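One structure is given below, encoded as structure tokens.
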Amino acid sequence: MDAQLLAFVAVAAGMVALPGADFTVVVRNALTSRRSGLATAVGVAGGLVVHTALAVAGLAAVLVTMPVLFRTVQLLGGAYVLYLGLSGLYALWRRAAAAGAGAEAGERAPSGLRRSLRQGFLTNALNPKAPVLFLSLLPQFVPDGQPPLPRTLLLASVVVLLALVWFPAVALLVDRLGRWLRRPRTARAIEGGSGTALTALGLVLVTGPLLR
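Structure follows, in structure tokens:
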């Protein structure tokens, strides 16, 4: 039995399950519909494919060693997450205003599957910390004497597979609990919390280097 591979699966599972912007976007879109949540989850896994492919190809090393390029990716990622957070808060404010005017408080505009897929993909693909993480993590689990490329491909596939299990499971769980989660007061609290969390994450990514 490959002890190193088992250890990597455990580490990667914790890394994938760690709540972040991708987790928040999946939960938020799953509140709209199960299909929207699942599309977002697939998009997140697609973003991981980009990062793992970069790590396997060694391009992540170039990104990490070029501060200007890394900063550009960081700004793009932070700006997109910030946009998702602010747009979510704005949509919540509009629904509250509509409810005050007599509209249905629980009404939601449907989210297209392509839009959900794109949101999941971009949220993960523009995460500037992922290249550093993969570049530092994957080589640690390549045994001495083994060709690095096949092993790295295997480890990268494990990460993507875990994402394809975890994020759809989150979307399905949110949908399963939908009757309770979609109650107007609960939904507003979750959407407000997710919008605030995404806005805060975006601000940290955009201003992070300025704070160090």
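So the sequence shown is numbered by the working numbering: it starts at 9 and just counts up by one.
Ideal Cβ positions, reconstructed from N, Cα and C, are used throughout, including at glycine.
The structure displayed is predicted, hence computed values, not measured ones.
Item checked: Unbroken alpha helix (DSSP H) run spanning V173, endpoints -> 156 to 184
Checklist line | Secondary structure of N135, DSSP reduced to three states | finding: coil
Note to self: Distance check for D10 and P161, CA to CA, integer angstroms please.
What the structure shows: It is Leu, not Pro, that sits at residue 161 in the sequence shown. Between the alpha carbons of L161 and D10 lies a gap of roughly 16 Å.
Next item on the list: Report yes or no: do the region 47 to 56 and the region 122 to 130 share at least 3 C-beta pairs separated by less than 8 Å?
Entry: yes
Margin query: Rounded to whole angstroms, what is the Cα-Cα separation between L181 and G153?
Written below: 43 Å
Notebook entry, point to check: Of the residues G186, A177, A164, V178, which one's Cα is nearest the Cα of V17?
Noted result: Minimum Cα distance to V17 is reached at A164.
Next item on the list: Please classify R184: is it buried, with 16 or more other beta-carbons within 10 angstroms of its beta-carbon, or exposed?
Entry: exposed
Margin query: Suppose you measure from the CA of G45 to the CA of L13; what does that come to, to the nearest Å?
Written below: 30 Å
Next item on the list: Give the secondary structure of A26 by DSSP, where H, G and I count as helix, E and B as strand, and everything else as coil.
Entry: A small fix is needed here, since residue 26 is Leu in this sequence, not Ala. L26 falls in the coil class under three-state DSSP.
Checklist line | Cut-off 7 Å between Cβ atoms - residues of its own chain near L84, not counting five sequence neighbours on either side | finding: L134
Notebook entry, point to check: Which residue from Y98, A21, R43 puts its Cα closest to that of S124?
Noted result: R43
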